[in-house]
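Input: a single structure, listed below in structure tokens.
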Amino acid sequence: MFSFIMMSCGYVENCSTSFLLYGTEFMGSPGFETRGEAIRELALDIYAKYFDERLSTYENRYSQSVKECCRTALIADNKAKFCAQCGSHIKNKEFDEERFMEYVLELQNSTCDSYGEAEWAHERSFAWWPWSMLEFLDAPRDSLIMIAENAEHVMLDALYDAMPELKPSDSMCGNSDYEKFKENKQPSYR
Ligand SMILES: [Zn+2]
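Position 12 (the sequence shown) corresponds to 403 in my numbering; numbering is contiguous.
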């Protein structure tokens, strides 16, 4: 069972000195049977966070970009599509793959504070949680999936595999090691 994912974003020359380590045990999951499934579940967790933090108008109803009348409409009904007062169409921001990958890059440099405290987002209970260092020290080595570079591309490809409806026709996905992970293989980095 795969219960840890260690990942690093960017190509080798711009890798951070630290990795981002996720574990499943803290979230009550025993792990996943295949690398592909494990990585897809992490991509869906990250997308749920990204959606709430960056795309959802309801979740960002207190931000300055939401007019007060529209905010009132959203507080009255979190699925409101129109604001009766100003007549605006209330909708979420569109998915943007470059911004999504930047978001993944930023996660690698996040702290406990900036990662957020929520263990769920967008009506999804997370499967993965960072900072599982103590469990990791006792874990068998073969429970680890290593994404040694370009983790932001791997997450994008895995997300499109799970949610193909997000993929635009001019997508730049498909260049990552995700296909190997999907075949349940660990790419070699040396
Ligand atoms: Zn309004």
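We treat Cβ as the ideally placed atom computed from N, Cα and C, and that holds for glycine.
Rounded straight-line distance, which links the Cα of A539 to that of S567:
Going from the Cα of S567 to the Cα of A539 covers about 11 Å.
Are the beta-carbon atoms belonging to L412 and P521 less than 8 Å from one another?
Yes, they are a contact pair.
Kindly examine ligand 1 and report whether one of its heavy atoms sits closer than 7 Å to the Cβ of S479.
Within the cutoff, so yes.
Look at the Cβ atom of F527, then the Cβ atom of G414, and state whether they are nearer than 8 Å.
The answer is yes: Cβ separation under 8 Å.
Within its chain, find whatever has a CB closer than 8 Å to the CB of C503; leave out the 5 residues flanking it on each side and keep chain order.
Sequence-distant Cβ neighbours of C503 in its own chain, meaning closer than 8 Å and more than five residues away, are W522.
Please go through the same chain and pick out, in chain order, the residues whose beta-carbon is closer than 6 Å to the beta-carbon of L435, but skip the five residues on each side of it.
Within the same chain, A553 come within 6 Å of L435 by CB-CB distance, once the 5 residues on both sides are set aside.
What does DSSP give as the partner residues of L535 in its beta bridges?
Paired residue(s): F395.
How should F442 be labelled, buried or exposed, when 16 other C-beta atoms within 10 angstroms of its C-beta is the threshold for buried?
Per the 10 Å Cβ criterion, buried.
If you compare alpha carbons, which of C564, A542, R581 is closest to Y402?
If we check each option's Cα against that of Y402, A542 comes out closest.
Same chain, Cβ closer than 7 Å to V457, five either side skipped, listed in chain order:
Closer than 7 Å at Cβ, skipping near neighbours: T448, N451.
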